[in-house]
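Here the structure is laid out as C-alpha cells; the discussion comes afterwards.
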Amino acid sequence: MSAPAPFTLRPAELRDVAPIVSLIRELAEFEKLTHLLHVTPEKLRPHLFGEKPVVEAWVAELPADALEEGEHPVVAFALFFTNFSTFLAQPGLYLEDLYVKANHRGLGIGRALFTRLGRLAVERHYGRFEWSVLDWNENAIGFYEKLGATLLPDWRICRITGDALQNFRSP
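Read in my numbering, the sequence shown has -2 at position 15, and its numbers run on one by one without any break.
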C-alpha cells in the first residue's frame, strides 16, 4: 500500500483567490445550491485581502506529482470568520465552508484543516468553534461527530437575503 500524498496547510494568499472560488463552485454543485452562487474572484478578494478583511481562509496544497494533469495544487479550503457569544463574552470562530475536492478525500485533509482551525480558536482564546451542516449530509455529520462535535437539535439557522434583506433599507 502506498503512503498518502503529503499535503501542506497554510493560510490563503492573494494568489489563492481564484482556486478558492473554483472550489466554492464545486461545493455549490455538491450541495445543489448553484442557483445561489454569485461568487467571483473579484467579489471575494476584498473580503479576504482588502483594506478591512472580514473572512480568513486556509488552503491545502498537494505536490505536483500527486495531481491530475492540469489540476491546481490547492485542493481544499476552509473559510471562516470571527463571531461573538454574548453569553460567554468571548469571540468565536465560525467555519463558513470547508471543502476537499472529491478525488482527494480520504487523505486526512479535511481532518487536518478542521484540527488547524480548532487550534487557531484555542490560540486566539476564543470561547467556541461553530459551523453548520446540511441535515442530509450524513458523511459530514458522521465526520464532525467523530471529531467531538455536538449537533444542536433545538437550533435552526435563520437567514434573510436578497429582496427580503433589501426591505430593511431606509425609506
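In this text, a Cβ means the ideal position worked out from N, Cα and C, and glycines have one as well.
With three or more CB-CB distances shorter than 8 Å, the stretch 69 to 76 counts as touching the stretch 111 to 126. Annotation: the stretch 49 to 85 contains the following complete segments of the beta strand (DSSP E) (minimum length 3 residues), in chain order: 57 to 68 and 73 to 83. Judged by DSSP in its simplified three-state form, phenylalanine 151 adopts coil rather than helix or strand. With a minimum length of 3 residues, the unbroken runs of beta strand (DSSP E) contained wholly in the stretch 79 to 142 fall at 112 to 114. Residue state for proline 2 is assigned as helix, using DSSP reduced to three classes. For glutamate 44, the secondary structure class from DSSP, reduced to helix, strand or coil, is strand. In this structure, valine 57 lies away from leucine 31, with their beta-carbon atoms at least 8 Å apart. Excluding five sequence positions before and after serine 68, the CB atoms of its chain that fall closer than 7 Å to its own CB belong to Gly75, Gly110 and Arg111, given in chain order. DSSP, read as helix, strand or coil, puts leucine -3 in helix.
As computed with DSSP, glutamate 39 is found in a beta bridge with Phe63. Residue environment: valine 83 is assigned as buried (16 or more neighbouring CB atoms within 10 Å of its CB, all protein chains considered).
Burial state of glutamate -4 is exposed, judged by a 10 Å Cβ sphere holding fewer than 16 other Cβ atoms.
It is roughly 23 Å from the alpha-carbon of leucine 50 to the alpha-carbon of aspartate 80. In the DSSP assignment, proline 24 falls within the unbroken alpha helix (DSSP H) covering 24 to 32. For proline 46, there are no CB contacts under 6 Å within the same chain when 5 residues up- and downstream are skipped. The C-alpha of leucine 134 is placed about 10 Å away from the C-alpha of glycine 125.
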